[in-house]
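Protein chains: 2
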Amino acid sequence: MDLTAREIDIATPTPTVILHTADAEELGAHSLDRIRIKRDGRTYTGIVETTTELVEQGGLAVTSRLGHVTGPVTVSLAPKPRSVAHIRAKLEDHELERGDIQEIVHDIDRYRLNDVELGAYVSAIQANGLSHEETRHLTEAMTAAGQRIEWSQDVIADKHSIGGVAGNRVTPIIVPIVAAAGVTIPKTSSRAITSPAGTADTMAVFCEVAFTTEEMRDIVEETNGCVVWGGSVDLSPVDDKIIRAENPLSVDPPGQIIASVLSKKKSAGSNHVIIDIPYGENAKVTSLVAARELAEDFRLVAEHLDLEIACTITRGGQPIGEGIGPVLEARDVLAVLDGGGPLELRLKSIRLADILFDLCDVDADAAELLDSGAALSKFREIVAAQGGDPDVERDDLRPGGHRHVVTAGRDGVVMTVQNRYISEVARRAGAPRDPGAGIRLHCREDDDVAADDELFTIYAEKRSKLTEAVDYHDEVEAVRIGDPDEALIERR
Amino acid sequence: MDLTAREIDIATPTPTVILHTADAEELGAHSLDRIRIKRDGRTYTGIVETTTELVEQGGLAVTSRLGHVTGPVTVSLAPKPRSVAHIRAKLEDHELERGDIQEIVHDIDRYRLNDVELGAYVSAIQANGLSHEETRHLTEAMTAAGQRIEWSQDVIADKHSIGGVAGNRVTPIIVPIVAAAGVTIPKTSSRAITSPAGTADTMAVFCEVAFTTEEMRDIVEETNGCVVWGGSVDLSPVDDKIIRAENPLSVDPPGQIIASVLSKKKSAGSNHVIIDIPYGENAKVTSLVAARELAEDFRLVAEHLDLEIACTITRGGQPIGEGIGPVLEARDVLAVLDGGGPLELRLKSIRLADILFDLCDVDADAAELLDSGAALSKFREIVAAQGGDPDVERDDLRPGGHRHVVTAGRDGVVMTVQNRYISEVARRAGAPRDPGAGIRLHCREDDDVAADDELFTIYAEKRSKLTEAVDYHDEVEAVRIGDPDEALIERR
């Protein structure tokens, strides 16, 4: 069927095309079906929606992803991609072959799967899991879908945290420690999805974080390290497309986590990787048993991928640093690099960096690199290379001007500091979109407090956001005070 | 956030709304998230896509499903529906409670799930199945979501076929047989999705098929029976919404089939139901073992739903009638009602009708009702009640004028008549959109044929469609001729 295509500015993540209902019927195409679109000898795939008014008969509206495919085109109904049959096989708990997994990854990468099929892919992995062999094939297929950085150095260090813990901003501390020891560490990080700040959001307080793969390489060649946003470099680009389908379902199956993490590391050219697995209530991993299993799976998959890895299992029940939100976390980072800062954040950074040194067989001492100021100098060097101000001081980093202090209200002991509610209060206050918004914690679990002791301060850039955050906190009681001799958390 | 909503004519099946990227970021809403839209004290739920041009900042484009929600609105980010947690639980193979299933069905009915979540629902059922208890809850929840017809008669008969077999047009024959015996049979049928004709498409050759539930009731009160399109009456409307997500994945999990079928029957007020389960290569059910299991599951679920059911397992390896496509099947139907017609179609209709009589404890004889002309009179009565011409004769029903006869090409025996390819040839010829398009089979499996014997005729209303169908047939060889003593189907 010959149609005339024009662009319509809707940024659907999938290559949606809109057909007049009569043309769709003529083609035998239903909502969510795929059509092949030929123009100038090239073929594109579109996913169908229908209309009776927005597009006239004989017309075809193409959304942003296919925005360049305009003018006269020839369309036909496309068969289902073979990868859908592989997804169905996985739903029925069959083991997938290397080629099957390559087809699935290829079709996800090319946006050939519609949202129902993507949901089924994630569901199949969640329901039936992936064997170590399948996980390895998935890692390799995801790595192959993007760019890959080659380095002249033999040892390339890297670090990843499974996440879910507020204020766990060890990366901008570990990277300069490791780089200061002369070890190459090309670190990519994420922006917040459901948290009040990702590492990339915090780093963005100091400097640029969006770079191409080539720019990232230049920064690392110059300084040994970087902390850039993973979304701008083209390393394992399929990952984001899969995460988009995991988010609505709030699932994060272990095999997929491992393939996502390791494919990013392989793509960055890294070969010595430390994986931090914090566990605790409301963290991504909720028990020590599950953390140990995940660590073992990581180890077994990495064995066949020429990756040296070390997994650390750490406590993730409560926030690590004091600040939560981009600016407040950036202040903690600078404080630790300056030899002070929140103790938990300092200790965890030192411990992980030392394990990474050990893995890389490098003779260096993280505490010494911190206390000598070498790590701070290296950090300023990296900030400068990423286009930021190398002379930034803590007082230059201003949290939001609207503040609310939450006090204990009674004498007692801090029973729980809930990651999840603390994060949500910070989000309501405007983080990460308003970088100065967030929370500064003045207590940790088991602290003794008096009635008028301050538990935490909420910061916001907008008054209305502060109100929203305070109202929410009143509802959920993110920090709970109890009697010192009370065994009970709550009575319901 | 206050926005001004306007309608945009895109007929997405889900209630998609399009926000400017900046407003979406401000709300913290990503693609596929839900927002609450308040207008005049009422609240609606929309599923988010973003744009930078189609909608200005401060604006909100609502697609057809929410087309009435225009003007000033207040929007906020909506939490994930609780049903998503139930779907996740099912993915992890937990048994769902009655209330969980009710929430899922309610949210699907209200279009509160996005396509990724719908895909996960179908996947969870496919991967982990439904217990008989879950299937019963699902049937009841699906029934409750739509209208329900009450009858004054005690015995209400009904019939369903699991499908997948070409030319299996027994319904327009069985309904008048049963109605002629004085038994009420309010039959709803589907239009074709991937086949060349559904029962509703064939019946539409004779009369109207789109009626409201009230109109359907009136027709049945007048004639004892009807054959109307299930898509126009509001009986178990959730079914179509689930089927939309099953289609892309080509899955049809048994528990979902049972709930779909039985909820339609419960909604129609039926209490004596015959379920035909044809099995064979390319039919929906592919083995005798699977057919028996499905029959047993039907029986166990129906037991707790006050439904008397009988399941028949029939052969579905090759087409039943001679005609495939709306007009060609309508001609077969009229021929059988007239006492002649394709033998397989006549015998199957009689057998199923007699079993239904037995189930209803009615003393009647299907063959006698056919041969006496009582069924034909009843059929004409129903056609008239549905607004068609009661005096229609076979010659009034004209298949497409463009024809192509396929001959055997060699002496031999008919090895296979492939349902799936025969159906696809008929679809390429234009069925069901062009009612006169389709196929008339002149052979059945195991027939001896000579080289110039006609195997089947392809009919089309448009020459281009005929060419397309013939080309496709040359590729797939829908009917295969072999040597009489040949054990082999194919050598590869």
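Chains A and B, in that order, are what the protein sequence lines are. Read in full-length UniProt numbering, the first sequence has 159 at position 159, and its numbers run on one by one without any break. Read in full-length UniProt numbering, the second sequence has 402 at position 402, and its numbers run on one by one without any break. For glycine and all other residues, C-beta sits at the position ideal for the given N, C-alpha and C. Please read all numbers here as calculations on a predicted model, not as lab measurements.
DSSP beta-bridge partners for residue i?
{"i": "A/THR51", "result": "A/HIS20"}
{"i": "A/TRP229", "result": "A/SER189"}
{"i": "B/HIS402", "result": "B/ALA460"}
{"i": "A/LYS38", "result": "A/THR43 and A/THR74"}
{"i": "A/VAL289", "result": "According to DSSP, which records beta bridges pairwise, A/VAL289 is partnered with nothing at all."}
{"i": "A/THR314", "result": "A/PRO278"}
{"i": "A/VAL84", "result": "Paired residues: none, contrary to the question."}
{"i": "A/ILE309", "result": "A/VAL273"}
{"i": "B/LEU60", "result": "B/ALA5 and B/LEU19"}
{"i": "B/ARG480", "result": "B/THR416"}
{"i": "B/ARG440", "result": "B/GLY323 and B/THR457"}
{"i": "B/ASP452", "result": "Bridge partners of B/ASP452: none, in fact."}
{"i": "A/THR213", "result": "Answer by DSSP bridge pairing: none, since A/THR213 is not bridged."}
Excluding the 5 residues flanking residue i on each side, which residues of the same chain have their C-beta closer than 8 Å to its C-beta?
{"i": "B/ILE243", "result": "ILE193 and SER260"}
{"i": "B/GLY409", "result": "ALA451 and ILE481"}
{"i": "B/THR312", "result": "ILE274, ILE275, ASP276, ILE277, ARG351, LEU352 and ILE355"}
Check residue i in the structure and name its three-state DSSP category.
{"i": "B/ASP148", "result": "Before going further, note that residue 148 of chain B is Arg rather than Asp in the sequence given. B/ARG148 falls in the coil class under three-state DSSP."}
{"i": "B/TYR121", "result": "helix"}
{"i": "A/ALA180", "result": "helix"}
{"i": "B/PRO172", "result": "helix"}
{"i": "A/ASP354", "result": "helix"}
{"i": "A/GLY372", "result": "According to the sequence provided, residue 372 of chain A is Ser. The question's Gly does not apply to it. Correct three-state label for A/SER372: coil."}
{"i": "B/VAL105", "result": "helix"}
{"i": "B/PRO159", "result": "Pro is not the amino acid found at residue 159 of chain B; the sequence shown has Lys there. Three-state result, B/LYS159: strand."}
{"i": "B/GLU7", "result": "strand"}
{"i": "A/SER323", "result": "What sits at residue 323 of chain A in the sequence shown is Gly, not Ser. Reduced to three states, the DSSP call for A/GLY323 is strand."}
{"i": "A/THR143", "result": "helix"}
{"i": "B/THR199", "result": "helix"}
{"i": "A/THR223", "result": "helix"}
Taking 8 Å as the CB-CB limit, is residue i close to chain A?
{"i": "B/THR171", "result": "no"}
{"i": "B/SER123", "result": "yes"}
{"i": "B/ILE481", "result": "no"}
{"i": "B/ASP154", "result": "no"}
{"i": "B/GLY163", "result": "no"}
{"i": "B/PRO15", "result": "no"}
Could one say the Cβ of residue i lies closer than 8 Å to chain B's Cβ atoms, at least one of them?
{"i": "residue 552 of chain A", "result": "Since the first residue shown for chain A is 1 and the last is 492, residue 552 of chain A is missing from the structure and cannot be characterised."}
{"i": "A/GLN126", "result": "yes"}
{"i": "residue 493 of chain A", "result": "Here chain A comprises residues numbered 1 to 492, so residue 493 of chain A is not present and cannot be evaluated."}
{"i": "A/GLU230", "result": "Looking at the sequence provided, one finds Gly at residue 230 of chain A rather than Glu. False, the Cβ-Cβ gap to chain B never drops below 8 Å."}
{"i": "A/ARG88", "result": "yes"}
{"i": "A/VAL116", "result": "yes"}
{"i": "residue 495 of chain A", "result": "Residue 495 of chain A lies beyond the range of chain A shown here (1 to 492); nothing can be said about it."}
{"i": "A/VAL48", "result": "no"}
{"i": "A/PRO278", "result": "no"}
{"i": "A/GLU25", "result": "yes"}
{"i": "A/GLY53", "result": "Sequence check: residue 53 of chain A is Glu here, not Gly. A/GLU53 counts as touching chain B."}
{"i": "A/ARG463", "result": "no"}
Apart from the five residues on each side of it in sequence, which residues of its chain come closer than 7 Å, Cβ to Cβ, to residue i?
{"i": "B/ALA374", "result": "ALA180"}
{"i": "B/VAL405", "result": "GLU454 and THR457"}
{"i": "B/GLN57", "result": "HIS20, ALA22 and ASP23"}
{"i": "A/LEU369", "result": "ILE177, ALA180, ALA181 and ALA375"}
{"i": "B/CYS226", "result": "PRO186, LYS187, MET216, ILE219, VAL220, ILE382 and GLN386"}
Under 6 Å Cβ to Cβ from residue i, same chain only, skipping five residues before and after it: list those, please.
{"i": "A/VAL327", "result": "VAL205, LEU397, PRO399, PRO435 and GLY436"}
{"i": "A/ALA166", "result": "PRO319, ILE324, ASN419, ILE422 and SER423"}
{"i": "A/GLY164", "result": "ALA283 and LYS284"}
{"i": "A/GLU475", "result": "none"}
{"i": "A/PRO278", "result": "VAL165, THR314 and GLY316"}
{"i": "residue 500 of chain A", "result": "The requested residue 500 of chain A is not part of the displayed model; chain A covers only 1 to 492."}
{"i": "A/GLU208", "result": "GLN386 and GLY387"}
{"i": "A/VAL62", "result": "ALA5, GLU7, VAL17 and VAL69"}
- [ ] Decide if the stretch 342–351 of chain A is in contact with the stretch 168–183 of chain A; the criterion is three or more beta carbon pairs, one per stretch, under 8 Å apart.
- [x] Of all C-beta pairs linking the stretch 342–351 of chain A to the stretch 168–183 of chain A, three or more are shorter than 8 Å, placing the two stretches in contact.
- [ ] Check whether the stretch 132–148 of chain B touches the stretch 96–111 of chain B, counting contact only when three or more Cβ pairs, one atom from each stretch, lie closer than 8 Å.
- [x] Short answer: they touch.
- [ ] Taking 8 Å as the threshold, find out whether the stretch 258–277 of chain A comes into contact with the stretch 45–55 of chain B through three or more Cβ pairs.
- [x] Contact between the stretch 258–277 of chain A and the stretch 45–55 of chain B is absent: fewer than three C-beta pairs spanning the two stretches fall below 8 Å.
Open item on the list: Measuring CB atoms only, is the stretch 238–254 of chain B touching the stretch 151–158 of chain B, in the sense that at least three cross pairs come out at less than 8 Å?
Closed with: Put simply, the stretch 238–254 of chain B does not touch the stretch 151–158 of chain B. Fewer than three CB pairs are less than 8 Å apart.
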